[in-house]
Structures are given as C-alpha cells and as structure tokens.
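If you read the sequences in order, they're chains U and Y.
Each number in the working numbering comes from the position in the first sequence (counting from 1) with 71 added on.
Each number in the working numbering comes from the position in the second sequence (counting from 1) with 13 added on.
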Amino acid sequence: MSNKNEAPAVNPLIIEYLSQYDDDIRDLCRIAIELANNQGIPAVAEQMSAHVKRRTREGRSANDNPKDHS
Amino acid sequence: MIIRKIILKDFRQFKGHQVIQVAASDGDGDRNVTVIHGENGRGKTGIYRAVVFGLFGEITLNQDNDIPEAEMRLVNTERVRETPEREAVEAIVEIEFDNAGRQYTIERKRVAARYQDKIVEDPGPSLLRILLPDGNTRLVEDEKTLQEEINSVLNPRVKEYYLFDGERMDRLTRAGATQRREVAKGIRSLLDIDALEHAKTAMERVTERFSADLGKASSVEYARVLSEIEATQKEIGRCKERLQEIDAELALADDEITAVDKELEAFQEIKEFVRRRNDLIKLRDQRARDLSTCNLSLSNVVSRCGMLLVRPLAGKVYNTIEAVRRNGELPAEIRRDLIERVLQRDECICGRPVLGDEDVLAAVRSWLDRTTEEAIEDSALRLWQHLAGIVSHLDDYEREIEGNLQSFGSASNDIAEYERQLDEIAAAIGSSERRDAGDLEAHRSNAMDKRLSLTADRKIIESKLQDFRAMLEQLQQKREEEAAKQSKKDEYTSRVEMSRRMTDALERISTRFTTEIRERLAVLASAALEEMLDAAGKTNICKVKVNDDYTLEVFNRFGDPWLAQISAGQRQVLSIAFVAALAEAASNGRLLEMPLFMDTPFGRLGGTHRENLMRLVPKKAAQWVLLATDTEFRPEEARMLEQTGRWGKLYFLEQDDQGNTVVEERPPTLAAFQAFAKDRGLR
Numbered sequence: 072m073s074n075k076n077e078a079p080a081v082n083p084l085i086i087e088y089l090s091q092y093d094d095d096i097r098d099l100c101r102i103a104i105e106l107a108n109n110q111g112i113p114a115v116a117e118q119m120s121a122h123v124k125r126r127t128r129e130g131r132s133a134n135d136n137p138k139d140h141s
Numbered sequence: 014m015i016i017r018k019i020i021l022k023d024f025r026q027f028k029g030h031q032v033i034q035v036a037a038s039d040g041d042g043d044r045n046v047t048v049i050h051g052e053n054g055r056g057k058t059g060i061y062r063a064v065v066f067g068l069f070g071e072i073t074l075n076q077d078n079d080i081p082e083a084e085m086r087l088v089n090t091e092r093v094r095e096t097p098e099r100e101a102v103e104a105i106v107e108i109e110f111d112n113a114g115r116q117y118t119i120e121r122k123r124v125a126a127r128y129q130d131k132i133v134e135d136p137g138p139s140l141l142r143i144l145l146p147d148g149n150t151r152l153v154e155d156e157k158t159l160q161e162e163i164n165s166v167l168n169p170r171v172k173e174y175y176l177f178d179g180e181r182m183d184r185l186t187r188a189g190a191t192q193r194r195e196v197a198k199g200i201r202s203l204l205d206i207d208a209l210e211h212a213k214t215a216m217e218r219v220t221e222r223f224s225a226d227l228g229k230a231s232s233v234e235y236a237r238v239l240s241e242i243e244a245t246q247k248e249i250g251r252c253k254e255r256l257q258e259i260d261a262e263l264a265l266a267d268d269e270i271t272a273v274d275k276e277l278e279a280f281q282e283i284k285e286f287v288r289r290r291n292d293l294i295k296l297r298d299q300r301a302r303d304l305s306t307c308n309l310s311l312s313n314v315v316s317r318c319g320m321l322l323v324r325p326l327a328g329k330v331y332n333t334i335e336a337v338r339r340n341g342e343l344p345a346e347i348r349r350d351l352i353e354r355v356l357q358r359d360e361c362i363c364g365r366p367v368l369g370d371e372d373v374l375a376a377v378r379s380w381l382d383r384t385t386e387e388a389i390e391d392s393a394l395r396l397w398q399h400l401a402g403i404v405s406h407l408d409d410y411e412r413e414i415e416g417n418l419q420s421f422g423s424a425s426n427d428i429a430e431y432e433r434q435l436d437e438i439a440a441a442i443g444s445s446e447r448r449d450a451g452d453l454e455a456h457r458s459n460a461m462d463k464r465l466s467l468t469a470d471r472k473i474i475e476s477k478l479q480d481f482r483a484m485l486e487q488l489q490q491k492r493e494e495e496a497a498k499q500s501k502k503d504e505y506t507s508r509v510e511m512s513r514r515m516t517d518a519l520e521r522i523s524t525r526f527t528t529e530i531r532e533r534l535a536v537l538a539s540a541a542l543e544e545m546l547d548a549a550g551k552t553n554i555c556k557v558k559v560n561d562d563y564t565l566e567v568f569n570r571f572g573d574p575w576l577a578q579i580s581a582g583q584r585q586v587l588s589i590a591f592v593a594a595l596a597e598a599a600s601n602g603r604l605l606e607m608p609l610f611m612d613t614p615f616g617r618l619g620g621t622h623r624e625n626l627m628r629l630v631p632k633k634a635a636q637w638v639l640l641a642t643d644t645e646f647r648p649e650e651a652r653m654l655e656q657t658g659r660w661g662k663l664y665f666l667e668q669d670d671q672g673n674t675v676v677e678e679r680p681p682t683l684a685a686f687q688a689f690a691k692d693r694g695l696r
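Listed below in structure tokens is the structure:
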C-alpha cells in the first residue's frame, strides 16, 4: 500500500511498465502519478510546463551552439 | 502498520484501565496471532469497536444497522452512574502503532455526564503523537490533520479488508450494488489502481488546458482541429460517464430482481416456478450467446453472399468456355497471326503456295474461322480458371451460410419458446392467489423492463463511443498534419504533444495494470482457496475469477459459474481467501504490514476449514487478531493454533461482579487455555 511518508509513491509494477517508454514520458508520468494523487492537477500542469520549457531551452541552446564534430 | 497496544479506559463495558498488547512478527518471532476469547456479550466486538473508534473516530459499526449515532454510548455506563451528577466521565481509547519507521499513539475520547436520570455523551478531544525517526515528537490535535495522518497509514476505504466483523465477511461475495461499488473502490485504492486513474484524469485536464493555450496561439485550421478534438474528447467522457451510470443502474436492477426472486421463493407454491424460471433464463441466455455467435459468423460470410446471386450466370459461362476448351478450340491449335501471314504471303510454312490449291485454301480459311485473337484467348482462359475456383467454392459458401442460417433459426426459435415459457411463469406467479406474490411479480416485471431498456441504451452509447473514438483518431491525424505544417514547433505544441503522449502512455499502462492485477488476484485467491478448502470444497470449487467490477465468481471443475451454489461456510472461506490474495497482491508478494482483525470468523466454518484458516492467515498478514467465542475457539482450535507456532498472545474477557468486562492475559498455550477453560467451566 502506498504511503506518502516512506513507501514508494508509485506501484513498482507501474514503474516497470513505464520503463518501456522514453526518458521524458517515463519521468513525467511518474511525476504526474505522484502529483495528481498528492497535490492535484495544477501541480501536474506546472511541472509539465517547466519540463517542456527546459527541454525547449536545451534544444535552442544546442542549435545555437552546435557541437563541433570536425 | 503494526499495532502494538490497545488501551481502554472506561470504554463500553471495559470499566477502568485495560491493556491489550498485540502480538507481532517482529516482536515475538513468528508469533503474530492474538486470540481474544470471550463469551457473547463480554466485549469482543467492543474491542473491535475500540479499534475503529481509535483509528477513525467512528462510533458506530456496520453491524449496528440503523442505531443513530446520538443513541450510541461509548462511555462506561456504570462509571457515569456512580459519578456525581453533571460531572464528566471520559472514555479513552489509546492505540499505539508503528508505521514506516515512525511510532504513533492516537488517543480519542468521548465525554459523558448524567443530568438527572439522563446520560448525555459528546465527542471529546483527540490527540496524535508521532515519534519521528530523528527522535523528535510531533503532536497533532486538529481533527482534520489528524485524520489525514491516520488515513495516510491506513486508508479508511481499505479498512474494510483488515477490520472484519463476521457480518462484513459475507459482503465480499454476496453484495448488493452499493456494497459491490464500495468493495471495488476499496480494492482499487488498495492496489494503487486509483492512483493511476487520478493521474489519467489529471493528464486529460492538463491536455485540455494546454490545447486551449495552443489554440489561441495557432493557425485558424489548427485551432479548429484542436477545438474539435477537445469537443470530441468531452463527448467521449460523457459517453463513458453515461456507461458507468447505466452499469450502476443495471446492477441495481439486478439486485432488485434477485431480491424479489428470494422473496418469491419463500412462497412454497411459487418456489418451483422461480427455480424453473432461473433455469429457463440460463438456457435462454445460452441460446442468446449462440445466436450472437451465428450473427458473427454470418457477418463474416455476408460479403460472399453476393457471389451466390451470380451463381447461375457464372456456371453458364464456365460451362461454355469449358466446352470450347474440351473441343480443343481453346487455345487454338494454330495461332491466328500465323494463318493470316500465310494467306497474306501466299506461302505455307513449308514454302508451298496455298492460294492455288482450293482444298488447302479452304482448310486454312476454316482454321482462320476457328481461331480468335491471342489476347482474347488468354482472357478467356483466365476467366475459365477464375470461374473454376469460384464455382467449386460456391457450394462451400452455400453450405456454410445455410448451416449458419439454420443455427440462427433454431436459436431464435428456442429463445422465442423460452420467452413464451417465461411469460407463462410470470403470468402464473402474477395470478397467484397470494396477492403479495402478484405484487412482487409486477415489481419484478418492472425491474426487467427497466433492465431491457438500460441494456438497449447501453448498446446505443457504446456505438456512439466507438464513432467518437474513430472520429478522434482522424482528428489526431489531422492535428499532426497541421502541426507538421507549422514551420517551427513551439513550446505550446511541444507541451500538447508531450501531454498527449503521456495520456496515451497512462491509458495503456492503466489497461495493462488493471488486467494483470485482476488476473493476479484471481490466481492468488484460487491458490489461497485451494489451501483453505476442505476435500469436499476442493472437489466442487476449482477456480476464482475477479470480474471487471472486482466482484468474485467461482467455477466448478466443469468450468460452470458456481458462486450461487456454495455453502455459507465456503462463502466465508472464499472471502478470507480473497482478503489473503488482496494482502499478497497489495504487498507485491511481501508480507503486508497490516493487522487483520476478525470478529467471530469461525461461525460457519467446519473443523478442516478452521484448521486451514489458522495455518494460512498468519502467513499472509503481519498480525492476526482473532476475536472468538467459547464455541468458536475451543481446546481443539487452541491445539491447532499452537501447532502453527504462530500464537503470540491470549486474552480472556471476564465478567466482574458488576457485569463489567476485565481483560485477563494468559500464556498462549493449549495448556493455559485448557486450565482457564476448566476453571471457568467452559466447554
């Protein structure tokens, strides 16, 4: 049974299923399950926005400063 | 959660200060069974009540039926009577327990006072002390926070599975629609299915929100597609909600029908009609399933039916070509272009002129008449081959369709006949001399009509849902096309795409998780049942199935549904097997740290079942508190329990001179039990 203090917040079986997805989906789904059950929908939306913003920034940064493979 | 101690002060019939230490695996080796033994009226249920009150603040139990809370007295009445008027007396329940490295002590009070001859009781203050792993203590007095803390340790919805009274056990396997929904809720919560559902719902809302943001920042067409997706998703949500409502209403209608049948069975002269009706319903339903199979087969062959319409023509064409072919005219012996060249050049392939010889010329011209162009010949031969294949299969198609139509007709006729007999039975019951039976039958008929109408509604909604899903798929494709048209995928698009992928992932995981967890529950429950049933039970009951709504079904060795046929004792064993399976599934194979309370669980169980239960349950639960009467727990049972090596504590509930209960501890051994029983003149 999940316990918000010590026990894992997401059922291990669900974590196992999630492992078949890419890093973004796996991490975000896990966060979504935890937040949806403890803090509600706005917290999920906020975390997702922050994650996408970070990814977008990382993408732009990679485009602005392409690595020199020569 | 491990319960260490239950302390009662002036609670119910427990006058004064009484302590029960609960055996736990970590404290007493493997000895995790506590037996609390008492005759009826000594307060076994009072201890169970104290646990429910202590943990959840609830002052009534399910078994109290309709007793209003205002009339429920938890403070020891004698203590109130002997205390001066208007002076408050407190009933205190204190429970000490551990969970996840923390030590908890919850204390709840009820306060009562006497005003003239009336006793007035009110809720008292509650206090939760939490000793944290770092050595600090946290005090919680606010009722809401306190309950949240307790609920985080033991969800109130799953307490049903750990705090059992004898009545409640039956509910797992024989429940009305409302109870079934409650059972399903508890299981979903216990197995974390709820958590996944919440996440799915949250992601749907988040996706809607992100889509709306994107819609504002996108092209007109893209915005239109997004808005249509949103609308379609809402329609899908509405359909799903309606389906749930219909299912709930159907369950209620089923309950109503079952209840009426039960009442009708009470009339001796109607009993046989009810039994016959149930048999007929089973037969009719079986034929309805056959009909549905025929329908499916027919729909698979319907595309070929058209072929049968052209059968005469196809046969005629095939026979015509076949005749020509048999005559050797197809393919022609000599190619037409060769004959034409011979005539044109007036020279045979052997070099002789042909036009001068009338006989030869006539023979060549005759050949020319009998030949056709090569392309036409080839086409004719292909057509012949094709028709040969079709004509040989048409007979098979016809046989298959005829067979299915016959089965369809036979099933339809049988169903009509069963319906006719059912109508007769309904009329016979309705016209019974017993007026109340007639009323009941009319009531049943209304419930059946409602059921039919709901089933029809359900089909319509399901079909709508399918349409909306197909529409959504098309729109999603369109959305992807529109998104690709955008020169740059901005943050809004990424957010929507990411949230959609997450929603899809959660949906897939949820489907897989719920399916697998139900299958796992069924396997575990079947195994536990196998361990607990006696030889006769094992012969009859072979497999447990967990239905979509988490209700249980059992099957006999022939694979027939058998729940309705099993005895009350077997039903109780099934409930316990299911609880053991739940505990195992919820803990992923480890021992679930939850105390299992059972108030008078042996009532309907025979010797073998009792023995099996005592062997199995201590292995499945961290703690087992057994509240048993002198007829349930006798020296035989004490011997069985002692042999398991799990017996950790033994308490007797004794009555003092004033009728109050005193808790007396004895060593958990057969010898101590026998000595005490002998001393008290127990059986």
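For each residue, glycine too, the CB sits at the ideal point set by N, CA and C.
Note that the coordinates shown come from a computational prediction; the quantities given were computed from them, not determined experimentally.
I'd like to know whether the C-beta atoms of Ile3 (chain Y) and Leu277 (chain Y) end up nearer to each other than 8 Å.
Nothing about residue 3 (chain Y) can be read from this structure; chain Y reaches only from 14 to 696.
Touching by the beta-carbon criterion (3+ pairs, under 8 Å), the region 270-284 of chain Y and the region 404-414 of chain Y
no
Is Phe526 (chain Y) close to chain U? Criterion is C-beta to C-beta, closer than 8 Å.
Using a Cβ-Cβ cut-off of 8 Å, Phe526 (chain Y) counts as an interface residue toward chain U, since at least one Cβ of chain U sits closer than that to its own.
How far does the alpha helix (DSSP H) with Ile60 (chain Y) in it extend, from its first residue to its last?
Lys57 to Phe69
Comparing alpha-carbon positions, which option in Y:Ile530, Y:Leu239 and Y:Arg464 lies nearest Leu485 (chain Y)?
Y:Leu239
DSSP three-state call for Asn112 (chain Y): helix, strand or coil?
strand
Going by alpha carbons, who is nearest to Trp380 (chain Y) out of Y:Glu353, Y:Asn625 and Y:Pro81?
If we check each option's Cα against that of Trp380 (chain Y), Y:Glu353 comes out closest.
So, is the C-beta of Ser90 (chain U) closer than 8 Å to a C-beta in chain B?
The structure shown has no chain B; the protein chains it does contain are U and Y.
Contacts of Val219 (chain Y) in chain U (Cβ-Cβ under 7 Å):
Ile112, Val115, Ala116 and Met119
Cα-Cα, which of U:Asn109, U:Leu89 and U:Ile102 is closest to Gln118 (chain U)?
U:Ile102
Rounded to whole angstroms, what's the CA-CA distance from Leu256 (chain Y) to Ser466 (chain Y)? Just pull it up for me.
Cα to Cα, Leu256 (chain Y) sits roughly 13 Å from Ser466 (chain Y).
Could you please give me the residues that DSSP links to Gln31 (chain Y) through a beta bridge?
Y:Leu21
Could you tell me the alpha carbon to alpha carbon distance between Ser120 (chain U) and Ile200 (chain Y), rounded to whole angstroms?
Cα to Cα, the separation comes out at about 33 Å.
Any Cβ of chain U within less than 8 Å of the Cβ of Ala212 (chain Y)?
yes
Using a Cβ-Cβ distance under 8 Å, would Arg125 (chain U) count as near chain Y?
no
For Val70 (chain U), three-class secondary structure by DSSP
There is simply no residue 70 (chain U) to check, as chain U begins at 72 and stops at 141 in what is shown.
Could you name the residues of chain U that Leu683 (chain Y) contacts, counting a contact when the two beta carbons are closer than 8 Å?
Near Leu683 (chain Y) there are no residues of chain U at all, since even the closest Cβ is about 35 Å away, more than 8 Å.
Under a Cβ-count criterion, where at least 16 other Cβ atoms within 10 Å of its own Cβ denotes burial, should Lys275 (chain Y) be classed as buried or exposed?
exposed
Excluding the five sequence neighbours on either side, which residues of its own chain have a C-beta within less than 6 Å of the C-beta of Val287 (chain Y), listed in chain order?
The residues are Asp274, Leu277 and Glu278.
Which chain Y residues are close to Asp98 (chain U), counting only those with a beta carbon under 8 Å from its beta carbon?
Residues of chain Y passing the Cβ test: none, with the nearest at roughly 10 Å.
Kindly list, in the order they appear in chain Y, the residues whose Cβ is closer than 9 Å to that of Asp95 (chain U).
Met511, Arg514 and Met515
Rounding to the nearest angstrom, what Cα-Cα distance links Ile579 (chain Y) and Gln585 (chain Y) in this structure?
Distance between the alpha carbons of Ile579 (chain Y) and Gln585 (chain Y): 10 Å.
Could you work out which residue in Y:Glu342, Y:Asp350, Y:Lys472 and Y:Arg302 is closest to Leu424 (chain Y) when comparing CA atoms only?
The sequence as given places Ala at residue 424 (chain Y); Leu does not occur at that position. When only C-alpha atoms are compared, the closest one is Y:Arg302.
N- and C-terminal bounds of the beta strand (DSSP E) containing Ile72 (chain Y):
Element bounds for Ile72 (chain Y): n/a, residue is neither H nor E.
Have a look at Glu415 (chain Y) and Ala469 (chain Y) and give me their C-alpha separation to the nearest angstrom.
29 Å
Starting from Glu504 (chain Y), find everything on chain U with Cβ-Cβ shorter than 8 Å and list it in chain order.
Val123, Lys124 and Thr127
Examine chain U for any beta-carbon lying closer than 8 Å to the beta-carbon of Met216 (chain Y), and answer yes or no.
Yes, because at least one Cβ of chain U sits closer than 8 Å to the Cβ of Met216 (chain Y).
When DSSP builds the beta bridges, which residues end up paired with Lys131 (chain Y)?
Y:Tyr128
Starting from Ala208 (chain Y), find everything on chain U with Cβ-Cβ shorter than 9 Å and list it in chain order.
Ser73, Ala80, Val81, Asn82, Ile85, Ile104, Glu105, Ala107 and Asn108
Taking the alpha helix (DSSP H) that Gln687 (chain Y) belongs to, which residues open and close that run?
Leu683 to Arg693
Would a check of beta-carbon distances place Lys501 (chain Y) closer than 8 Å to chain U?
Low per-residue confidence applies at Lys501 (chain Y): pLDDT is 48, beneath 50, and the placement is therefore not dependable enough to give any value.
Alpha carbon to alpha carbon, what distance is there between Ala215 (chain Y) and Leu106 (chain U)?
9 Å
Do you know offhand how far Arg44 (chain Y)'s Cα is from Glu649 (chain Y)'s?
19 Å
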